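Student: My structure is below; once you've seen it, I'll send some questions.
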């Protein structure tokens with residue numbers, strides 16, 4: 007594969023064709039914050055925290071670094087007034103749901119995000135989809151998925167699959183940036199291990 | 010039906026169809042689109058058939074059930090040929106008279122004609138009615154001439170001649186050049202140059218490529234794609250086949266809403282009949298070109314009108330947009346090059362091929378060529394579908410074609426481009442419609458929805474309404490859209506409820522920036538438009554809601570109060586009797602008074618108060634005058650004084 011030279015934050019960076027801006031930046035030692043990214047998973051582009059400014063063909067635009075493929079002579083700015091403004095707002099929006107998540111708090115400090123800008127609606131889940139995608143792409147089990155759409159969207163374990171697969175796996179738990187996933191599992195677990203119709207002693 | 014294996018055979022077939030058609034034979038065309046079905050056009054059709062049979066005229070008079078004629082306000086519409094006498098709002102009971110007087114005795118029935126409200130003149134022919142006169146119906150016009158279930162009707166008006174032309178007389182490259190030269194741009198939203206999209210797909214690597222019709226029309230109030238698909242499905246199939254030939258595709262899909270049963274039905278029939286003649290399938294017209302079309306019914310998500318979400322849904326997965334840093338024209342359906350165009354775009358293609366790029370580019374303005382079908386709805390006299398050349402002014406559409414605002418109300422704004430579009434105020438009515446013109450005004454062309462709003466419309470509430478729609482339809486994948494527009498909706502809802510506070514406008518602007526620049530797909534990125542455009546042109550209304558808790562349009566329920574003017578009330582008991590919450594006290598000869606604590610602001614009293622009294626009024630932003638003392642409420646009538 008041919009090498010592509012681009013510029014990230016004023017530094018020359020070399021990347022392989024097919025790499026994303028995020029990968030090229032990581033390779034060059036430049037950090038871009040992410041919430042829904044995981045190196046073992048297909049890029050998702052959901053949290054938009056990795057939004058960066060790129061300049062290509064004389065035009066500047068905002069793109070998701072985890073998805074945008076590197077191009078020759080691309081000029082990337084990972085921090086700019088506008089980028090920071092957007093990250094700050096994204097964090098503020100998410101803090102309404104998971105105000106105490108450590109990862110969000112750390113980022114909020116860096117970007118000056120106001121934890122209390124929006125009314126709290128603690129659902130904990132920030133819909134990063136890491137659990138859903140890890141279970142589908144790596145474990146190939148699809149034990150957890152999204153249900154409904156838009157603001158009603160939530161994660162949910164599929165009881166039939168979860169009862170067989172999850173107890174021995176639980177690899178998604180540490181991926182969750184908030185506590186939502188574990189809570190969802192505990193709930194499902196309670197449902198699927200409800201007392202059987204016949205008392206166990208009779209079996 | 011015999012298979013047609015060459016252009017010569019096609020022309021022979023066409024001649025034979027035309028030879029058995031007598032242009033002077035009486036023919037009744039009846040609008041039978043979904044809109045007219047709702048106003049009993051099926052019953053009218055049944056009654057025409059029955060009456061013709063009763064009089065033994067079935068063989069002498071044709072009945073053609075066509076697609077939508079456009080003037081939906083006045084449907085069902087019938088046109089009687091060859092005289093082209095046009096009758097509106099036909100009821101089954103009108104049918105015997107039409108047949109005995111107009112068909113048999115060649116008389117015009119005055120009462121069924123269109124009356125020009127300006128001159129009170131009765132108009133006989135469609136082409137002279139102002140609604141139609143100012144249109145240029147190059148795409149939509151055929152709807153009134155053909156039965157969408159009859160492929161012979163389509164052939165009779167020259168159908169499939171463009172397909173024959175490209176297959177035998179043009180190379181794929183020439184087709185591409187012709188479409189590029191025409192300046193045709195996508196009619197579904199973004200206005201991307203169609204020829205360039207096709208070229209991108211054609212040049213993209215890969216053996217298998219797809220062409221797709223986007224018939225997932227979801228904008229509130231918009232139904233031009235439905236009407237085209239229902240009324241002239243072959244024109245879309247022909248356009249699609251031409252596109253397939255140009256990019257080197259052998260497989261096409263029509264992604265159509267499940268909620269459009271008649272469109273689905275008609276397009277399925279059309280596919281079957283085209284396959285029987287060999288206009289679709291293997292070795293089309295003996296050219297060696299293969300092309301098949303499948304229909305996919307959408308499960309009802311607005312976001313699936315977005316190209317990457319549509320393709321994901323076609324693949325059988327949940328309809329969520331994918332990042333599009335690589336165009337779907339290069340990497341689309343199953344990661345293969347896929348050209349997705351809107352229904353109307355495809356319908357334009359056979360015209361461009363038959364009549365030439367120059368002819369097509371003769372309509373329109375600078376960068377917007379051809380015509381555009383708009384769905385004109387809302388507070389407008391002539392609701393319906395109108396097709397005008399690009400560059401027509403909004404004023405002409407609203408007043409010349411649309412007949413202005415009903416009830417003597419004042420025009421306030423026109424909302425274009427669907428939920429993600431914007432509102433254009435009166436001072437910009439001279440704006441010429443075109444892709445860049447509308448975008449420049451803070452709105453967009455979208456698929457061509459045009460919602461007319463009058464002075465009683467609150468622009469803050471309009472923004473709230475569209476944000477509510479979008480919040481409901483957001484797929485929920487990315488934060489700026491799922492969370493951002495949800496917070497915008499919350500703030501806007503608060504504003505309309507008198508809970509706005511200083512800083513709300515600025516916060517809405519911040520949220521708009523994030524959704525507008527960082528959302529994953531076009532739905533999220535254009536979602537702030539309803540807010541931004543109303544803020545741009547009607548900022549004073551936002552400020553009034555926040556600072557004075559006042560709704561200048563007297564529309565937001567929680568910011569208004571109904572009040573009976575004691576000087577005007579004649580104690581007619583109308584409002585008192587009709588108030589559903591028994592909030593009005595008074596009686597015969599006793600001035601009526603509204604108990605503000607009981608009032609639910611349904612507006613019934615306002616509507617039923619006789620215009621000659623005009624005693625019930627709306628108040629906003631100021632305290633309701635305290636009720637007059639009970640002893641002052643007695644009305645002494647002159648007649649009784651004597």
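Protein chains in written order, with the numbering used here: chain F, 7 to 209; chain V, 10 to 651. We treat Cβ as the ideally placed atom computed from N, Cα and C, and that holds for glycine. In this text, all values refer to a predicted model and were calculated from it rather than measured experimentally.
Which residues in chain F sit within 8 Å of residue 529 (chain V), going by Cβ to Cβ distance?
Tutor: In the second chain, the residue the question calls residue 529 (chain V) occupies position 520. Correct list: 51, 52, 54, 70.
Student: Would you say residue 104 (chain V) and residue 57 (chain V) are within 8 Å of each other, going by their C-beta atoms?
Tutor: For the purposes of this step, residue 104 (chain V) is identified with residue 95 of the second chain, where counting begins at 1. For the purposes of this step, residue 57 (chain V) is identified with residue 48 of the second chain, where counting begins at 1. The answer is yes: Cβ separation under 8 Å.
Student: If contact is defined by three or more beta carbon pairs under 8 Å, each pair taking one atom from either stretch, is the stretch 170-177 of chain V in contact with the stretch 285-297 of chain V?
Tutor: Taking 8 Å as the limit for Cβ pairs, the verdict is that the stretch 170-177 of chain V does touch the stretch 285-297 of chain V.
Student: With C-beta atoms as the reference, is residue 134 (chain V) less than 8 Å away from residue 74 (chain V)?
Tutor: By 1-based counting over the second chain, the position of residue 134 (chain V) is 125. By 1-based counting over the second chain, the position of residue 74 (chain V) is 65. Not a contact, by the Cβ cut-off of 8 Å.
Student: Does the CB of residue 194 (chain V) have a neighbour CB from chain F at under 8 Å?
Tutor: Numbered from 1 along the second chain, position 185 holds the residue referred to as residue 194 (chain V). Chain F, which has no Cβ nearer than 8 Å to the Cβ of residue 194 (chain V), makes this no.
Student: At what residue ranges does the stretch 458-504 of chain V contain a whole run of the beta strand (DSSP E), taking only runs of 3 or more?
Tutor: Complete beta strand (DSSP E) runs here, min 3: 458-463.
Student: Using the rule of at least 16 other Cβ atoms within 10 Å of the residue's Cβ for burial, across every protein chain shown, is residue 651 (chain V) buried or exposed?
Tutor: If you number the second chain from 1, residue 651 (chain V) lands on position 642. Below a pLDDT of 50, predicted positions are generally treated as unreliable, and residue 651 (chain V), at 45, falls in that range; the measurement from the model is reported next regardless. With fewer than 16 Cβ atoms within 10 Å of its Cβ, residue 651 (chain V) is classed as exposed.
Student: Just the chain F side, please: which residues come within less than 7 Å of residue 480 (chain V) by C-beta, in chain order?
Tutor: For the purposes of this step, residue 480 (chain V) is taken as residue 471 along the second chain, with counting starting at 1. Per Cβ cutoff of 7 Å: 156, 157.
Student: From which residue to which residue does the beta strand (DSSP E) around residue 310 (chain V) run?
Tutor: Here residue 310 (chain V) refers to the residue found at position 301 when the second chain is read from its first residue. It is not in any beta strand (DSSP E) - residue 310 (chain V) carries neither H nor E in the DSSP assignment.
Student: For residue 234 (chain V) and residue 356 (chain V), I'd like the C-alpha separation in whole angstroms.
Tutor: Mapped onto the second chain, residue 234 (chain V) falls at position 225. Mapped onto the second chain, residue 356 (chain V) falls at position 347. The straight-line gap from Cα to Cα measures roughly 10 Å.
Student: Can you give me, in chain order, the residues of the stretch 503-528 of chain V that have a beta carbon less than 9 Å from any beta carbon in chain F?
Tutor: Going along the stretch 503-528 of chain V in chain order, one finds 516, 519, 520, 522, 523, 526, 527, 528 with a Cβ nearer than 9 Å to chain F.
Student: Assuming contact is defined by CB atoms lying nearer than 8 Å, are residue 243 (chain V) and residue 160 (chain V) in contact in what I supplied?
Tutor: Residue numbering aside, residue 243 (chain V) sits at position 234 when the second chain is read from its first letter. Residue numbering aside, residue 160 (chain V) sits at position 151 when the second chain is read from its first letter. Their beta carbons are under 8 Å apart, which means residue 243 (chain V) touches residue 160 (chain V) by this criterion.
Student: Decide if residue 144 (chain V) is buried, meaning its Cβ has at least 16 other Cβ atoms within 10 Å, or exposed.
Tutor: Numbered from 1 along the second chain, position 135 holds the residue referred to as residue 144 (chain V). Residue 144 (chain V) is buried by the Cβ-count criterion.
Student: Applying the criterion that 16 or more other CB atoms from any shown protein chain within 10 Å of the CB defines a buried residue, is residue 632 (chain V) buried or exposed?
Tutor: In the second chain, the residue the question calls residue 632 (chain V) occupies position 623. Classification of residue 632 (chain V): exposed, given that the 10 Å Cβ count is below 16.
Student: So is residue 148 (chain F) buried or exposed if we call it buried at 16+ other beta carbons inside 10 Å?
Tutor: Position 142 of the first chain holds residue 148 (chain F). Residue 148 (chain F) is exposed by the Cβ-count criterion.
Student: Is there a Cβ from chain V that is less than 8 Å from the Cβ of residue 140 (chain F)?
Tutor: The residue labelled residue 140 (chain F) in the question sits at position 134 within the first chain. Residue 140 (chain F) does not count as touching chain V.
Student: Helix, strand or coil for residue 581 (chain V)? Go by DSSP, reduced to three states.
Tutor: By 1-based counting over the second chain, the position of residue 581 (chain V) is 572. In the structure shown, residue 581 (chain V) sits in coil (DSSP, three-state: anything other than H, G, I, E or B).
Student: Please confirm whether residue 728 (chain V) has its beta-carbon closer than 8 Å to some beta-carbon of chain F.
Tutor: In the structure displayed, chain V extends from 10 to 651; residue 728 (chain V) sits before or after that span and is not available.
Student: Where does residue 596 (chain V) fall in DSSP's three states?
Tutor: Within the second chain, numbered from 1, the residue matching residue 596 (chain V) stands at position 587. Strand at residue 596 (chain V).
Student: Out of V:347, V:337, V:42, state which residue places its alpha-carbon closest to the alpha-carbon of residue 249 (chain V).
Tutor: For the purposes of this step, residue 249 (chain V) is identified with residue 240 of the second chain, where counting begins at 1. The candidate whose alpha carbon is nearest that of residue 249 (chain V) is V:347.
Student: Residue 82 (chain F) and residue 12 (chain F) look like a contact to me (Cβ under 8 Å); what is the Cβ gap, rounded to whole Å?
Tutor: Here residue 82 (chain F) refers to the residue found at position 76 of the first chain. Here residue 12 (chain F) refers to the residue found at position 6 of the first chain. 7 Å between Cβ atoms; contact.
Student: Does residue 92 (chain F) come within less than 8 Å of chain V when only Cβ atoms are used?
Tutor: Here residue 92 (chain F) refers to the residue found at position 86 when the first chain is read from its first residue. Output row for residue 92 (chain F): interface = yes.
Student: Spatial neighbours of residue 607 (chain V) within its chain, please: CB distance less than 6 Å, with the 5 preceding and 5 following residues excluded, ordered by chain position.
Tutor: Counted from its first residue, the second chain places residue 607 (chain V) at position 598. Result list for residue 607 (chain V): 590, 592, in chain order.
Student: Please identify the residue among V:98, V:439, V:427 whose C-alpha is closest to the C-alpha of residue 83 (chain V).
Tutor: If you number the second chain from 1, residue 83 (chain V) lands on position 74. Here the closest residue by C-alpha is V:98.
Student: From the beta carbon of residue 99 (chain F), is the nearest beta carbon of chain V less than 8 Å away?
Tutor: The count along the first chain starts at 1 and reaches residue 99 (chain F) at position 93. Judged by the 8 Å Cβ criterion, residue 99 (chain F) is in contact with chain V.
Student: Report the rounded CA-to-CA distance for residue 544 (chain V) versus residue 532 (chain V), giving the unit in angstroms.
Tutor: Residue 544 (chain V) sits at position 535 when you count from the first residue of the second chain. Residue 532 (chain V) sits at position 523 when you count from the first residue of the second chain. Those two C-alpha atoms are separated by around 20 Å.
Student: Reducing DSSP to helix, strand and coil, say where residue 424 (chain V) ends up.
Tutor: Residue 424 (chain V) sits at position 415 when you count from the first residue of the second chain. If DSSP states are grouped into helix, strand and coil, residue 424 (chain V) belongs with the strands.
Student: Which of the three DSSP states is assigned to residue 351 (chain V) in this structure?
Tutor: Against the second chain, residue 351 (chain V) aligns to sequence position 342. Here residue 351 (chain V) sits in strand by DSSP.
Student: Could you have a look at residue 207 (chain F) and say whether DSSP puts it in helix, strand or coil?
Tutor: As a position in the first chain, residue 207 (chain F) is number 201, starting the count at 1. Residue placement at residue 207 (chain F) is flagged as unreliable, the pLDDT there being 46, under the threshold of 50; the coordinate-derived value follows with that caveat. DSSP places residue 207 (chain F) in helix when its eight states are reduced to three.
Student: Contact criterion: CB-CB distance below 8 Å. Does residue 124 (chain F) meet it with respect to chain V?
Tutor: One-based indexing of the first chain puts residue 124 (chain F) at position 118. At least one chain V Cβ lies under 8 Å of residue 124 (chain F).
Student: Just the Cα atoms here: how many angstroms apart are residue 67 (chain F) and residue 526 (chain V)?
Tutor: Looking up residue 67 (chain F) in the first chain gives position 61. Looking up residue 526 (chain V) in the second chain gives position 517. Rounded to the nearest angstrom, the two C-alpha atoms are 8 Å apart.
Student: Looking at the C-beta of residue 492 (chain V), does it have a partner C-beta in chain F at a distance below 8 Å?
Tutor: For this step, residue 492 (chain V) is matched to residue 483 along the second chain. For residue 492 (chain V), the answer is yes, since a Cβ of chain F falls inside 8 Å of its Cβ.
Student: Residue 317 (chain V) CB to nearest chain F CB: under 8 Å?
Tutor: Reading the second chain from its first residue, position 308 is the one you call residue 317 (chain V). No, because no Cβ of chain F sits closer than 8 Å to the Cβ of residue 317 (chain V).
Student: How about residue 43 (chain F): is its C-beta nearer than 8 Å to some C-beta of chain V?
Tutor: Counting from one through the first chain, the residue named residue 43 (chain F) turns up at place 37. No, because no Cβ of chain V sits closer than 8 Å to the Cβ of residue 43 (chain F).
Student: Quick check: residue 290 (chain V) and residue 278 (chain V), are their CB atoms within less than 8 Å of each other?
Tutor: What you label residue 290 (chain V) is simply residue 281 of the second chain in a count that begins at 1. What you label residue 278 (chain V) is simply residue 269 of the second chain in a count that begins at 1. Contact flag unset, no.
Student: Check the DSSP bridge columns for residue 20 (chain F) and list the partner residues they point to.
Tutor: Counting from one through the first chain, the residue named residue 20 (chain F) turns up at place 14. Partner(s): F:11.
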